[in-house]
Structure formats: structure tokens, C-alpha cells
Amino acid sequence: MSDIEEHFELSDAGASNTYPQQASTIRKNGYIVIKNRPCKVTEVSTSKTGKHGHAKCHFVATDIFNGKKLEDIVPSSHSCDVPNVSRTEYQLLDITEDGFVSLLTENGNTKDDLRLPDHDCALLTQLEDGFEVGKDLVVTVMTAMGEEQICALKEIGTK
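Following this line, the structure appears as C-alpha cells:
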């Protein structure tokens, strides 16, 4: 056979970060990829077919991680990329001085590679204040296209 030894760094289930969906089927509050960023659709308008060409869908959306507003116009018969968005809940264990959180996963391990949310000031103060007082907090982490961020929290009691 071959003298070259192949080495694979990581393996996964082969799940894609995005999947195709026809532009005309994407609705308000759905998700879409605009300029290679996962976004939540806030507005959709469809123009009628003109003398030359297709009906077009005009999407206005906000980036789900940094809150920036993005727009795109796509022919309604074409496919758009839609991000695979998942939400996972973790219990908050600690907040470090350098802005990282320590979270308890479902199987009992800790997850220490997540930063505090920086674009949502209300959520940030709620997190810090609740942790300072000693409340048991559960955070919801949204994951899409290889990025993850804390997007919500709820209180499960006081220590």
C-alpha cells in the first residue's frame, strides 16, 4: 500500500453548519445566513415578477451573536443557507475576573471556554448581579456555525 501515514485531528458526525432552504419559504422570526453570519429574520418582503426575471425576497435580519442589522435580496426560487441553531442549558458555577464563565454540563463536567455576553448589557448585569447575590442560575447557550454565546438565563432558587 502506501508508506504515508494519515493522521486525522478530529472527527464529528458530519453535520453541516447550514442547510439550504428556498428563499420564498423563509419567514419572519426564522433564521438565515447573510454575509456568512447567522441571523434572525425580522422582516420579509416579496416583490412580484417583473418584465425581466424572478420575484425577489428582501430580508432584513439581525445577527444572533452581535445584534447588527443585515439585509439581503434573493430571487424567491433560489436557495438560501439557513444556520443549524441549537440551544443548551447549563448551570452557572462561576464568573472569573477576565470575563469567562464556568458552567456545569448535563453529564457533570465543566465548560470553561465561554465568555460573558458583551452586546446585551441587560443580560450581563442580570447575570453578574444574580451570581453576586448567590442565586442558582441556569444559562441558555445558543450555538450556530461554530460560535456560541449565552442568550438567556433563569433562576432556579437561592443557595
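With this note's numbering applied, the sequence shown covers 151 to 309.
Just so it is clear, CB atoms sit at the ideal spot from N, CA and C, and this is done for glycine as well.
Per DSSP, what are the beta-bridge partners of E298 in this structure?
T293
Can you give me the Cβ contacts of K219 inside the same chain, cut-off strictly under 6 Å, excluding the 5 residues immediately before and after it?
T212
Would you grab the beta carbon distance between L254 and T246 for me? Rounded to a whole angstrom, and I think it's under 8 Å.
Going by Cβ atoms, the distance from L254 to T246 rounds to 15 Å, so no, they are not a contact pair.
Tell me whether A272 is buried or exposed, calling it buried when 16 or more other Cβ atoms sit within 10 Å of its Cβ.
exposed
For G180 and N257, I'd like the C-alpha separation in whole angstroms.
31 Å
Using the Cα positions of L264 and G284, report the straight-line distance between them to the nearest angstrom.
20 Å
Own chain, CB closer than 6 Å to D244, minus 5 neighbours either side, in chain order:
S252
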